[in-house]
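Enquirer: Got a structure here, written out as structure tokens. Questions coming.
Written as structure tokens, this is what we have:
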């Protein structure tokens, strides 16, 4: 669905498109860094994370003892997001909502660790793998706002 | 603080720097799109938002009836994030934690609406202004991971 959104108060002109789930999944394959939101006992967390998607499931790689590592014991309500925007005021974002839990199956861990997308940007030894299983996915694209 | 983070399991090499609050504030001035995380009665939300910083306070502009507009009635625990990363595996992120509430003071609304950074990417008429007052700020920069 694409709609024009012109703002008479600012003169801005833009096109806003809602992305299909297929488009969201395709965009999840184009980047390796996202951010995950969840509440722990310290409150609202929002943390960047290196990730890969395998068979429709999002895998994050982290280090034991990190804030992210808390998710290994399971969390019923997380949101994972990716986004892109450029100086031409064009951009897109995808947000996945779902549950998170640590991966204990050794075969899955090996497949995930072998995935080149999960080479962590932040470096370091990060052997802990968190699985985010999507319950919903939404995204949108904004373009043409050059007024 | 800068640390080397080399991962013997992947061969990745990188430098991870913790950003000072001053650096975080400077980076908040370099972009106009972030994302805000908060919990509402539907659970964890993670929503992109156009923003500007004035006098150390983050102002988001949204439309009445949007998910973001719920914050107008006040929220004690939100996290607002910005990030940048490129194909050279270099990037940074800043996360601000704090409280959110709608702005009712007309003079402040006019200043915020007049700020060129708050010209919304998604267009449309968005007269509702949400103030995020930071209680803490953290960020990091990752660079040189080209192995």
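Chains as they are written, first to last, in full-length UniProt numbering: chain L, 1 to 147; chain C, 1 to 147. All C-beta atoms, glycine included, are put in the ideal place defined by N, C-alpha and C.
1) Quick one: Cα of residue 108 of chain L to Cα of residue 102 of chain L, how far?
2) Just to confirm the assignment, what range does the alpha helix (DSSP H) spanning residue 114 of chain C have?
3) Checking contacts by CB at 7 Å: is residue 48 of chain C closer than that to chain L?
4) Let me know if residue 11 of chain C comes out buried or exposed under the rule of 16 or more other beta-carbons within 10 Å of its beta-carbon.
5) If you follow the beta strand (DSSP E) that residue 128 of chain C is in, where does it begin and where does it stop?
6) Rank C/106, C/113 and C/97 by C-alpha distance to the C-alpha of residue 38 of chain L and give the top, closest one.
7) Shorter than 7 Å from the beta carbon of residue 30 of chain L to some beta carbon of chain C?
8) Find the nearest neighbour of residue 33 of chain C within the set C/143, C/141 and C/116, judged by alpha-carbon distance.
9) Output, in chain order, the set of chain C residues within a Cβ distance shorter than 8 Å of residue 93 of chain L.
10) Between the C-alpha atoms of residue 25 of chain C and residue 56 of chain C, what's the straight-line distance to the nearest angstrom?
11) Which residues mark the beginning and the end of the alpha helix (DSSP H) in which residue 25 of chain L is found?
12) Below 8 Å, how does it come out for the stretch 59-74 of chain C and the stretch 52-72 of chain L: are there three or more Cβ pairs, yes or no?
13) Across which residues does DSSP place residue 65 of chain L in a beta bridge pair?
14) Counting along the chain, where does the beta strand (DSSP E) carrying residue 101 of chain C start and finish?
15) Out of L/61, L/141, L/77 and L/36, point me to the one whose CA is closest to residue 45 of chain L's CA.
16) With 7 Å as the limit, tell me which residues of the stretch 47-77 of chain L have their beta carbon closer than that to any beta carbon of chain C; keep them in chain order.
Expert: The answer reads as follows:
1) As a working note, residue 108 of chain L is residue 108 in the first chain. As a working note, residue 102 of chain L is residue 102 in the first chain. Approximately 11 Å between the Cα atoms of the pair.
2) Here residue 114 of chain C refers to the residue found at position 114 of the second chain. Residue 114 of chain C -> alpha helix (DSSP H) spans 106-114.
3) By 1-based counting over the second chain, the position of residue 48 of chain C is 48. With 7 Å as the cut-off, residue 48 of chain C counts as an interface residue toward chain L.
4) Counting from one through the second chain, the residue named residue 11 of chain C turns up at place 11. With a pLDDT of only 44 at residue 11 of chain C, under 50, the local geometry of the prediction cannot be trusted, and no value is derived from it.
5) Within the second chain, numbered from 1, the residue matching residue 128 of chain C stands at position 128. From DSSP, the beta strand (DSSP E) with residue 128 of chain C extends over 128-143.
6) In the first chain, the residue the question calls residue 38 of chain L occupies position 38. Comparing Cα-Cα distances from residue 38 of chain L to each of C/106, C/113 and C/97, the minimum goes to C/97.
7) If you number the first chain from 1, residue 30 of chain L lands on position 30. Chain C, which has no Cβ nearer than 7 Å to the Cβ of residue 30 of chain L, makes this no.
8) If you number the second chain from 1, residue 33 of chain C lands on position 33. It is C/116.
9) Within the first chain, numbered from 1, the residue matching residue 93 of chain L stands at position 93. Here the neighbours are 35 and 48.
10) For the purposes of this step, residue 25 of chain C is taken as residue 25 along the second chain, with counting starting at 1. For the purposes of this step, residue 56 of chain C is taken as residue 56 along the second chain, with counting starting at 1. Taking the straight line from one Cα to the other gives about 8 Å.
11) Here the question's residue 25 of chain L lines up with position 25 in the first chain. Unbroken alpha helix (DSSP H) run through residue 25 of chain L: 21-28.
12) no
13) Indexing the first chain from 1 puts residue 65 of chain L at position 65. Answer by DSSP bridge pairing: none, since residue 65 of chain L is not bridged.
14) Taking the first residue of the second chain as position 1, residue 101 of chain C is located at position 101. Start and end: 91-102.
15) Indexing the first chain from 1 puts residue 45 of chain L at position 45. Cα-wise, what sits closest to residue 45 of chain L is L/36.
16) For the stretch 47-77 of chain L, which is checked against every Cβ of chain C, the residues closer than 7 Å are 48 and 77.
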